[in-house]
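**Student:**
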Amino acid sequence: MMKKLLFPFCFVAVFSIVTGCGGGGGPAEFDPSTADPYTAEDEKAAEDYEAQRLKEMKEQS
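Structure representation (structure tokens):
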């Protein structure tokens, strides 16, 4: 029983350390002012991708 719980616990512990998701409660480090703006071209590309995926799904079924 202990071995079954050991691996998930170790994975979560290592993941928390590596990613810094330790629940420290500090302020968020993401600054939206540094993000690239979402443009109309990005929106069009997303819509085209979604339409293509729907078309492929219909062809498969």
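FYI, the numbering for the sequence shown is -20 to -1, 1 to 41, going by mature numbering (1 follows the signal peptide of the UniProt record, and there is no 0). Virtual Cβ for every residue (Gly too), placed ideally from N, Cα, C.
1) Within 8 Å (strictly less), CB to CB, does K35 reach chain D?
2) Return helix, strand or coil for T14, following the three-state DSSP convention.
3) Mapping the DSSP letters down to three states, classify E9 as helix, strand or coil.
**Tutor:** Taking the geometry as given:
1) The structure shown has no chain D; it contains just one protein chain.
2) helix
3) coil
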